[in-house]
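What follows is a single structure, written as structure tokens, with notes after it.
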Amino acid sequence: MYKNIIIIASIVVFIFCSCSSNRTDVQRLSLKSQVLNDEIFTMMPGDLLLTDDYLVWSDPFARDCFLHVHSALTGEELGVMGKVGEGPKEFITPMTNRYCVDNKLFAIDANGKTVGYLSIDSLINGQEPFCELSDKEKEMKMEKVDKDLYIKYTENGSENYFRTIINGQESSWGVYPIPEIKEHIGIYESYDPIEGLFLISSFKFPYLALYKKENSTFVLQWERKVNKEKNYTIADDRVIFDRKIVGAYDVCMSKDYIITLERDREKEPVDESTVGRNISKCPHTLFLYDYNGNLLKIVDIGMPAIRIVANRKSNTLYAIGVDPDYVLAKYEL
């Protein structure tokens, strides 16, 4: 009898230890920033991109040029491009995407006819940055993500979320973040050309999904949904979001981490509907996940942030933060 009790107790301890070893403890820490540039003058920054040795941020409210190019090493502004106006090669209401192929950024005029690429290399060399799309690209009407890789959203109600053309082969893929309703919601995207990883998150509710390019399509690796604070309901075939809770403010990938800019609600349970354009209320925490979707760290970066960017070559992260005005900052994760 006594021997049986010892055996049972040993099994319980073994199971407990096994479960404990498989559970990932989330580490909380703080980092200090290196401010690269404290002269980021804008009402509200748009996207922040990292390509080769350059950082590029967009200014949707610009009156002259809407793209600012900086050195990623020093933060020095190297030039501006993308003219605002109604003339040739100018944009009335400029819109850019989050991809940069061969140091060229795609830009389109939401209220005009101008569409094309803006070349960082041409800007640095003192040449005209604007260049036309090819006839094939004009016909496709898709975003260029990488060489021979184009993407666009499908129509609401379609079986899949995305449509791509990879090396001339067309495919549809991707699950809807809220599967009950086949409706496209606001998402952020990040693409890693090294391993062909495509990451999406939503700023409307807590959601994260990773896809991997395989041949001429993308295959879902995993989804991460936080049901602890579900912030939406479905009524009359529509998704209704509770704006008191949102998802990620931005997302990117570094060498070792999937990174989201989001609120640490356990420490800061803010009603997001009250934030508006009060930039001082933006989140000041990064959530660091491994590439299996496990949350590893929550990092306080010491200032509210608007945009973040990194790449798979290192664990260096760049951010547009508020200190107290907009600054371009750098962190080593």
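Using the numbering used here, the first residue of the sequence shown is number 178, and each one after it goes up by one. We put the CB at the ideal spot given by N, CA and C, even for glycine. Remember, it's a predicted structure, so these values are computed and weren't measured experimentally.
query: Proximity of L374 and M430 at Cβ, strictly below 9 Å; result: yes
query: Test item: CB-CB of G289 and C308 under 9 Å; result: no
query: Cβ-based burial, I411 [other Cβ within 10 Å; buried from 16]; result: exposed
query: Status (buried if at least 16 other CB within 10 Å, exposed otherwise) for N214; result: buried
query: DSSP three-state assignment for D298, whether helix, strand or coil; result: helix
query: Residues sharing a beta bridge with N214, DSSP; result: L505
query: Same chain, Cβ closer than 7 Å to D419, five either side skipped, listed in chain order; result: N408 and Y409
query: Local conformation of M317 per DSSP, three classes; result: helix
query: Same chain, Cβ closer than 6 Å to Y498, neighbours up to 5 away in sequence not counted; result: Before going further, note that residue 498 is Gly rather than Tyr in the sequence given. Closer than 6 Å at the Cβ level, and outside the excluded window around G498, lie M480, A482, V504 and A506.
query: Simplified DSSP assignment, three categories, for S491; result: coil
query: Exposure of K390, with buried meaning 16 or more beta-carbon neighbours within 10 Å; result: buried
query: Within-9 Å CB hit, A287 to chain C; result: No chain C is part of this structure, which consists of one protein chain only.
query: In DSSP terms, what F268 is bridged to; result: V261
query: Identity of the residue in G256, E439, P370 and F238 nearest K381 by Cα; result: E439
query: Bridge partners - V423, DSSP secondary structure assignment; result: V423 is not bridged to any residue.
query: Residues near E357 in its chain [Cβ-Cβ closer than 8 Å; skip 5 each side]; result: I411
query: Identity of the residues DSSP links to I456 by a beta bridge; result: Answer by DSSP bridge pairing: none, since I456 is not bridged.
query: Under the three-state DSSP convention, the category D312 falls into; result: helix
query: Rounded straight-line distance, which links the Cα of Q211 to that of D427; result: 20 Å
query: C-alpha gap between L473 and L510, whole angstroms; result: 12 Å
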